[in-house]
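J.: Following the working numbering, the numbering of the sequence shown begins with -6 at its first residue and continues without gaps.
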Amino acid sequence: MDIRYANNPQDVKGYDTTRLRDEFVMEKLFHADELTLTYSHADRFITGGVLPVHHTVKLEADSKDMGAPYFLARRELGIINVGGTGSVTVDGETYAMANKDCLYVGLGAQEVLFQSEDAANPAKFYLNSTPAHKAYPTAKSPISEATPVHLGSIQSSNERTIYKYIHEKGIQSCQLVMGLTMLKPGNMWNTMPCHTHNRRMEVYFYFDMPEDAVVFHLMGEPTETRHLVIRNEQALISPSWSIHSGVGTNNYTFIWGMAGENQDFDDMDMVGMKDLR
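And the structure:
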């Protein structure tokens, strides 16, 4: 398990590109028949990827870093499949997972197994996990049942649809909020005008991008912005004090996961365009 520590915004002002990437970017989440995890000390958020090709992969706790007998002993988990058809088995019950289906697994589930239907087109399970204090039931939501919100316009190059899976009015959880945003063709900007939410941190995962495409993800304090060049199927940690916005060389999709003081999606501190630097 890769460990990332919390960062002071005053320190981040002095980071060069390599240090920014080392602290915030998860370069490769998917390795064949392996579980890949990154533990952030920002709200104890775990980000992961599972690519079961020829074998079933089990979700396992790192006893040294987590101090738990099994992964969900004190945690909850959100899973979104960004690959081919697969399945997730939770304590003996199997859930079929098509592309962009979401599964929430609550506190106390002891065995979570990941499997692909076809090794030639394997599932890719993207994971977000946060500490939990109450057990909520395992629940599945295909994208057709997620809560859609249409925002932006072609004139501002940010026409997009937000799909909410795990949130106050959707799948119930202790603190995890999770969903995805799809930009329509011809649109490149997300979350601009930008905002912060000092009460919650966030993790972004960009995907459905051509091999030679990039997203310039903007982070940092509003008056001390920084950028990170992100490629397909890379993720990054966005601290609570940071803006989180981006512009791509073409349209893309990204998954957002949040943890912190509340689950109010609209709890944002907007940043005026004139105040960005």
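Glycine included, each C-beta is placed from N, C-alpha and C at the ideal position.
Would you kindly check if the distance between the Cβ of L28 and the Cβ of A43 is under 7 Å?
T.: The count along the sequence shown starts at 1 and reaches residue 43 at position 50. The count along the sequence shown starts at 1 and reaches residue 28 at position 35. A small fix is needed here, since residue 43 is Val in this sequence, not Ala. Going by C-beta atoms, V43 is nearer than 7 Å to L28.
J.: So, are the CB atoms of I147 and F17 less than 7 Å apart?
T.: Taking the sequence shown and counting its residues from 1, one reaches residue 147 at position 154. Taking the sequence shown and counting its residues from 1, one reaches residue 17 at position 24. Their beta carbons are not under 7 Å apart, which means I147 does not touch F17 by this criterion.
J.: Only counting the same chain, and skipping five residues up and downstream in sequence, which positions put a Cβ closer than 7 Å to that of G101?
T.: Walking along the sequence shown from the start, residue 101 turns up at place 108. Excluding positions up to five away in sequence, the list reads L65, A128.
J.: Measuring CA to CA, which of S149, Q108, F107, T82 is closest to T131?
T.: Here residue 131 refers to the residue found at position 138 when the sequence shown is read from its first residue. For T131, the nearest C-alpha among the options comes from T82.
J.: Where S235 and R192 are concerned, what is the direct C-alpha to C-alpha distance, given to the nearest angstrom?
T.: As a working mapping, residue 235 is identified with position 242 in the sequence shown. As a working mapping, residue 192 is identified with position 199 in the sequence shown. If I take the Cα positions, the gap works out to 11 Å.
J.: Where does R67 fall in DSSP's three states?
T.: Taking the sequence shown and counting its residues from 1, one reaches residue 67 at position 74. Of the three classes helix, strand and coil, the one that applies to R67 here is coil, per DSSP.
J.: Where does I136 fall in DSSP's three states?
T.: In the sequence shown, residue 136 corresponds to position 143, counting from 1. Helix at I136.
J.: Quick one, are the C-beta atoms of M202 and N180 less than 7 Å apart?
T.: For the purposes of this step, residue 202 is identified with residue 209 of the sequence shown, where counting begins at 1. For the purposes of this step, residue 180 is identified with residue 187 of the sequence shown, where counting begins at 1. No, Cβ-Cβ distance for M202 and N180 is not below 7 Å.
J.: Once you ignore the five residues that flank I164 on each side, which residues in its own chain have a CB closer than 7 Å to its CB?
T.: As a working note, residue 164 is residue 171 in the sequence shown. These residues qualify, in order along the chain: Y97, A132, S134, Y158.
J.: Can you pull the DSSP bridge partners for A228?
T.: Along the sequence shown, one-based indexing puts residue 228 at 235. Residue pairing from DSSP places A228 in a beta bridge opposite M19, F198.
J.: Under a Cβ-count criterion, where at least 16 other Cβ atoms within 10 Å of its own Cβ denotes burial, should R12 be classed as buried or exposed?
T.: To locate residue 12, count along the sequence shown from 1; it is residue 19. Exposed: under 16 other Cβ atoms inside 10 Å.
J.: So T123 and A252 are supposed to be a Cβ contact under 8 Å. How far apart are they, rounded?
T.: What you label residue 123 is simply residue 130 of the sequence shown in a count that begins at 1. What you label residue 252 is simply residue 259 of the sequence shown in a count that begins at 1. Right, their Cβ atoms sit about 4 Å apart.
J.: Using 7 Å as the threshold, is the C-beta distance between G145 and E152 below it?
T.: Indexing the sequence shown from 1 puts residue 145 at position 152. Indexing the sequence shown from 1 puts residue 152 at position 159. Closer than 7 Å, so yes.
J.: Assign P130 to one of three DSSP states: helix, strand, or coil.
T.: Within the sequence shown, the letter at position 137 stands for residue 130. Coil at P130, not helix or strand.
J.: Going by C-alpha distance, which of P62, P215, C95, A112 is nearest Y119?
T.: Translated into positions along the sequence shown, residue 119 becomes position 126. Minimum Cα distance to Y119 is reached at C95.
J.: Give me the Cβ distance between Y156 and L173, rounded to the nearest whole Å; I'm assuming they're in contact under 8 Å.
T.: On the sequence shown, residue 156 is found 163 positions in, with the first residue counted as 1. On the sequence shown, residue 173 is found 180 positions in, with the first residue counted as 1. About 5 Å; that satisfies the 8 Å criterion.
J.: Leaving out the 5 sequence neighbours to the left and right, which residues in its chain are closer than 6 Å to E217 when beta-carbon positions are compared?
T.: Mapped onto the sequence shown, residue 217 falls at position 224. Excluding residues within five positions, the ones whose Cβ falls inside 6 Å are K6.
J.: Spatial neighbours of S150 within its chain, please: C-beta separation below 6 Å, excluding the five flanking residues on both sides.
T.: Mapped onto the sequence shown, residue 150 falls at position 157. Excluding five sequence positions before and after S150, the CB atoms of its chain that fall closer than 6 Å to its own CB belong to N180, M181, W182, given in chain order.
J.: Would you mind working out which of T49, F198, L52, P178 sits nearest L22, comparing C-alpha positions?
T.: One-based indexing of the sequence shown puts residue 22 at position 29. The candidate whose alpha carbon is nearest that of L22 is F198.
J.: Excluding the 5 residues preceding and the 5 following H126 in the sequence, name in chain order all residues of the same chain whose CB lies nearer than 7 Å to its CB.
T.: For the purposes of this step, residue 126 is taken as the residue at position 133 of the sequence shown. Answer for H126: C167, listed in chain order.
J.: I need the DSSP call for G10, collapsed to helix, strand or coil.
T.: Indexing the sequence shown from 1 puts residue 10 at position 17. The amino acid occupying residue 10 in the given sequence is Thr; Gly does not appear at that position. Three-state DSSP puts T10 in a helix.
J.: Could you check the C-alpha separation between V50 and F107 for me, to the nearest Å?
T.: Reading the sequence shown from its first residue, position 57 is the one you call residue 50. Reading the sequence shown from its first residue, position 114 is the one you call residue 107. About 5 Å.
J.: Identify the continuous alpha helix (DSSP H) that holds Q168 and give its terminal residues.
T.: Reading the sequence shown from its first residue, position 175 is the one you call residue 168. Taken as a continuous stretch (DSSP letters only), Q168 belongs to no alpha helix (DSSP H), as it is neither H nor E.
J.: Please report the Cβ distance between D260 and H190, rounded to the nearest whole angstrom; I am assuming they are in contact, meaning their Cβ atoms lie under 8 Å.
T.: Counted from its first residue, the sequence shown places residue 260 at position 267. Counted from its first residue, the sequence shown places residue 190 at position 197. In this structure D260 touches H190 by the C-beta definition: roughly 6 Å separates them, less than 8 Å.
J.: How many angstroms separate the CA atom of D58 from the CA atom of N121?
T.: In the sequence shown, counting from the first residue as 1, residue 58 sits at position 65. In the sequence shown, counting from the first residue as 1, residue 121 sits at position 128. Rounded to the nearest angstrom, the two C-alpha atoms are 17 Å apart.
J.: So is R270 buried or exposed if we call it buried at 16+ other beta carbons inside 10 Å?
T.: Against the sequence shown, residue 270 aligns to sequence position 277. Counting Cβ neighbours within 10 Å, R270 comes out exposed, since fewer than 16 surround it.
J.: Could you give the residue range of the beta strand (DSSP E) that holds V208?
T.: Locating residue 208 in the sequence shown gives position 215, counting from the first residue. Run containing V208: 208 to 214, per the beta strand (DSSP E) assignment.
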